[in-house]
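Chemist: Protein chains in written order, with my numbering: chain U, 492 to 900; chain E, 4 to 315; chain S, 30 to 296.
Idealized CB from N, CA, C, for every residue including glycine.
Printed below as a string of structure tokens:
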């Protein structure tokens, strides 16, 4: 029995600390009867599209061969993942390893569907605080994200040079630059302010950098940030269509030369590389006042382990998640997929190796998780945010009143 | 015709007793497969949805199976929601606007294509093409057409000097609903044309020939011959139109997502949002039941109308 | 003759207006970016990369869609036609109950049905199967077909069937020999829409398949729309390609509808 347990630990992950194994024992659970008996794991994620799909597959395969198992992976389109998870939860057919967008982790963890990873020899040592916040619920770790991303300001080098504009560092500069860069058939800036969580996500750099907080959305700092969006649209520096644009639409505008700058994330880089005539660079999102620190929202997906009656399988799944979060895999995925490693120690090394990601690497260190403060109540706040943006940008409310109106006050 | 009827009545009387029992069985067999299919495909979901609307059915329920009974609380919550009355009005405008134009344009086109001219059949069947496009594709295409700055519609209208400033089709709360209705009309026209055309094709030419002798041409022939014969098809079409339009979801989600500033929220989009954005499935179910109830009222009116028509 | 040609011209113009969005999709499919932000009326610098990708990846999915749609037509008509006849000709108080039930069934949002079917399919092992998707698509097609067929069959004179019965035919044989042939128009119309419903179904395909084995083309298209990366070029190209076989069917069906109309004229 004991030797079996040791074998399980060894086969699972060579770095499992004895202390944690002991912890598991103290919990009174009978741990993995035999790690060797687990031959395969099922996996569900939403990287349904190449190049991500096959790049992720490579990482999964390498971990599978390390653990000596086979994997059955299912990928679904992004916006259908949660529905699929609910379906599978109700029929008790959740996969062994489940990928979740990081703001969803706490919500799903709150249902009691996920296994706490701390009990299975995993920890979040060295991971940036924002991501730890996102993947923890009531003090326990439920997921680990190998890579992360965030948003920053892309700009078209040629257009800025032609207009004699420097990449903006403050909101005033941003407004002035956008105005100057606007001409017939082209807007100064494109962003996403649509009525979805994506619209809220794009608003967060402005809101958080200015000291706004989701726990008090009626504060003047939040209103000021909204005023920035309103000013950009009202002055004609951004299209009125931003209220319907997705981040993909903003990228299309930028790639078509119809916007000189855009707020967007590094996942757009492969697409931008297909239009080599658009020369671009990235800077961190501008500050309202020069003494502020930029705070951007953390993106990226975490890998979790749904609770499983089969303890051995659950342990194997946890080992698999651990393997996905090895330094080696973090760097491999980050480089291949234009994302960022989540361990602080890896970020600097990464930024020097991939210069185009420098601005994002800087943003990530101070970035915040959307669920960091409100936990599973974040979606309610996010909804108020995007509705307030819609009210303000359509002129139905002033930036000062919009949040009050949207929160039903 | 008269003689035929008389013979059958006589024949029927003769054979009635002999066949009666076997015939009842045959009649049941006519409907049995459909009954089984309907119960299996619809009975269970409806009951489930009704029960769900009386429960606090949230994200957790899927994992734990626990959904406390809350009576009618979900209904009172959704009805008192500040968006409910807007959504009701939008649903009404969307449904009435879509159906009125779909039907009128559909009838016009069906009458037009009923005049047999070279290629009429080919052109008519090509009219169904929009139906072959996945909604995700047609709504993306329409979004690009209606785009305020670079959309082809505004570009063309400005090129023709019909408008001076680009119309904010999907960007203005006051225009977006009209634009969404317009796209839905476009999607619905092929359906209306095809059914009305088939209805027209069923009307025997003899009726028109006879009508012509009585001086019924043009409008009069439409009013006295076409319309009465088309009424059964038209009424089922309008009924289905209401039922289908009232629950339209994908097009609105694809075009505006209910925005801007909730200007295109309908009961269907609200129900979707409650269930799949807020994960308040009980409230979502309550809203969809309200939707079903409204359709139900229409269905009652429809059935009464057709029964009267039959009695006439 | 002049007048009829004029009608054709008007017809073509109407079609141009109605099908403009379809053309615009075609235009987008030939743009490298898959969108028409910078496109003129004509794709002057077309790229076929989207088509290449669609042809490489979606061929099997197209066949799957075809099989499912054809199966839906056959099954739904087989179930709906006798029922429609019964509801149009039998005198019974159950007729209006049946009609009401059918109408109610049309009011139920698809997602409600899809979720319920998922649970049931899971138990009986119909997930990820073509028969499973055919049955699910019948939930759209059957009630619709019953209503359409019934509204046409109301005009079938009962005397026709009675005449056959006098000649000794049973009810079922009379139905097959008399009612079905004269209902050809409406059968084709109902079948056509069953086909279209099934062809454009996305919801059931998404809900009732859990792995890649059985994948209709609507779901295949969706796979090009990643969470963050979207290949609109391939999406548009697949949409165009998937329309082609269906167009062929439409044109074929149209011939039958026209023939039926002429048949009606000489009857």
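Within 10 angstroms of the Cβ of residue 222 of chain S, are there 16 or more other Cβ atoms? Answer buried if so, exposed if not.
Modeler: Note on residue 222 of chain S: 16 or more other CB atoms within 10 angstroms of its CB, so buried under the neighbour-count rule.
Chemist: Output yes or no for whether 8 Å exceeds the beta carbon distance between residue 576 of chain U and residue 634 of chain U.
Modeler: Cβ distance not < 8 Å, so residue 576 of chain U and residue 634 of chain U don't count as in contact.
Chemist: Using 8 Å as the threshold, is the C-beta distance between residue 896 of chain U and residue 890 of chain U below it?
Modeler: Result no, Cβ atoms of residue 896 of chain U and residue 890 of chain U do not sit closer than 8 Å.
Chemist: Quick one: is residue 45 of chain S buried, meaning 16 or more other Cβ sit within 10 Å of its Cβ, or exposed?
Modeler: Around the C-beta of residue 45 of chain S, fewer than 16 other C-beta atoms lie within 10 Å, and the residue is accordingly described as exposed.
Chemist: Using a Cβ-Cβ cut-off of less than 7 Å, give me the residues of the stretch 120-137 of chain E that come near chain S, in sequence order.
Modeler: 120, 121, 122, 123, 124, 125, 126, 127, 128, 129, 130, 131, 132, 133, 134, 135, 136, 137
Chemist: Using the beta-carbon of each residue, which ones in chain E are nearer than 7 Å to residue 857 of chain U?
Modeler: Within chain E, no residue comes near residue 857 of chain U; the closest Cβ sits about 29 Å away, beyond 7 Å.
Chemist: Grab me the residues of residue 535 of chain U's own chain with a C-beta within less than 6 Å of its C-beta, minus the 5 sequence neighbours each way, in chain order.
Modeler: 565, 586, 589
Chemist: Going by beta carbon distance, what residues of the same chain come within less than 7 Å of residue 102 of chain E, once the five residues before and after it are set aside?
Modeler: Answer for residue 102 of chain E: 241, 244, 245, 248, listed in chain order.
Chemist: Rounded to whole angstroms, what's the CA-CA distance from residue 97 of chain E to residue 266 of chain E? Just pull it up for me.
Modeler: 11 Å
Chemist: Taking the continuous beta strand (DSSP E) assigned at residue 833 of chain U, which residues delimit it?
Modeler: Counting along the chain, residue 833 of chain U falls outside any beta strand (DSSP E), and DSSP gives it neither H nor E.
Chemist: Less than 8 Å between the C-beta atoms of residue 669 of chain U and residue 873 of chain U, yes or no?
Modeler: no
Chemist: May I ask you to list, following chain order, the residues of the stretch 178-190 of chain S that have a beta carbon less than 7 Å from some beta carbon of chain E?
Modeler: 180, 181, 183, 184, 188
Chemist: In the DSSP assignment, find the beta strand (DSSP E) that holds residue 894 of chain U and state where it starts and stops.
Modeler: Where residue 894 of chain U is concerned, there is no enclosing beta strand (DSSP E), although the alpha helix (DSSP H) it sits in stretches over 890-897.
Chemist: Below 7 Å on C-beta distance, what does residue 152 of chain E contact in chain U?
Modeler: 730, 732
Chemist: Determine whether the Cβ of residue 260 of chain E lies closer than 8 Å to any Cβ atom of chain U.
Modeler: yes
Chemist: Of all the residues that make up the stretch 39-66 of chain S, which are near chain U by a beta-carbon distance shorter than 8 Å?
Modeler: So the close ones are 61, 62, 64, 66.
Chemist: Roughly how many whole angstroms lie between the Cα atoms of residue 70 of chain E and residue 599 of chain U?
Modeler: Taking the straight line joining both Cα atoms gives about 16 Å.
Chemist: For residue 97 of chain S, which residues in chain E fall below 8 Å Cβ to Cβ?
Modeler: In chain order: nothing, as chain E lies at least about 14 Å away.
Chemist: Do residue 774 of chain U and residue 658 of chain U have their beta-carbon atoms positioned less than 8 Å apart in this structure?
Modeler: yes
Chemist: In angstroms, rounded to a whole number, what distance separates the CA positions of residue 95 of chain E and residue 187 of chain E?
Modeler: Cα to Cα, residue 95 of chain E sits roughly 14 Å from residue 187 of chain E.
Chemist: Using 8 Å as the threshold, is the stretch 200-220 of chain E in touch with the stretch 102-113 of chain S, meaning 3 or more CB pairs across them?
Modeler: no
Chemist: At 3 residues or longer, and completely inside the stretch 629-669 of chain U: list those beta strand (DSSP E) runs for me, N to C.
Modeler: Runs of the beta strand (DSSP E) lying entirely within the stretch 629-669 of chain U and spanning at least 3 residues, in chain order: 643-647.
Chemist: Would you please state the rounded distance, in angstroms, between the beta carbons of residue 299 of chain E and residue 136 of chain S? I believe it to be under 8 Å.
Modeler: 7 Å
Chemist: Hey, is residue 820 of chain U close to the ligand GDP, as in C-beta under 7 Å from one of its heavy atoms?
Modeler: The ligand GDP is absent from the structure shown, which contains no ligands of any kind.
Chemist: Establish whether the CB of residue 91 of chain S and some CB of chain E are separated by less than 8 Å.
Modeler: Look at residue 91 of chain S: its C-beta is not under 8 Å from any C-beta on chain E.
Chemist: Buried or exposed: where does residue 31 of chain S fall if 16 or more other Cβ atoms within 10 Å of its Cβ makes it buried?
Modeler: exposed
Chemist: Mind checking whether residue 875 of chain U and residue 708 of chain U have CB atoms under 8 Å apart?
Modeler: yes
Chemist: Which residues does DSSP pair with residue 674 of chain U in a beta bridge?
Modeler: U:677
Chemist: Mind listing which residues of the stretch 68-92 of chain E have their C-beta closer than 8 Å to chain U's C-betas, in chain order?
Modeler: 68, 85
Chemist: What do you reckon, are the CB atoms on residue 787 of chain U and residue 763 of chain U nearer than 8 Å?
Modeler: No, they are not a contact pair.
Chemist: How is residue 524 of chain U classed by DSSP in three states: helix, strand or coil?
Modeler: Interpretation of residue 524 of chain U is limited by its pLDDT of 44, a score under 50 that renders its predicted location unreliable; the figure taken from the coordinates is listed afterwards. DSSP places residue 524 of chain U in coil when its eight states are reduced to three.
Chemist: From U:884, U:637, U:609, pick the residue whose C-alpha is nearest to that of residue 729 of chain U; which is it?
Modeler: U:884
Chemist: Three-state secondary structure (DSSP) at residue 172 of chain E?
Modeler: Residue state, collapsed to three classes: coil.
Chemist: Just by C-beta distance, which residues in the stretch 168-192 of chain E are closer than 8 Å to chain U?
Modeler: 171, 173, 174, 175, 176
Chemist: The beta strand (DSSP E) with residue 861 of chain U in it runs from where to where?
Modeler: It is not in any beta strand (DSSP E) - residue 861 of chain U carries neither H nor E in the DSSP assignment.
Chemist: Mind listing which residues of the stretch 139-165 of chain S have their C-beta closer than 9 Å to chain E's C-betas, in chain order?
Modeler: If you check each beta-carbon in the stretch 139-165 of chain S against every beta-carbon of chain E, the ones closer than 9 Å belong to 139, 140, 141, 142, 143, 144, 145, 146, 148, 149, 164, 165.
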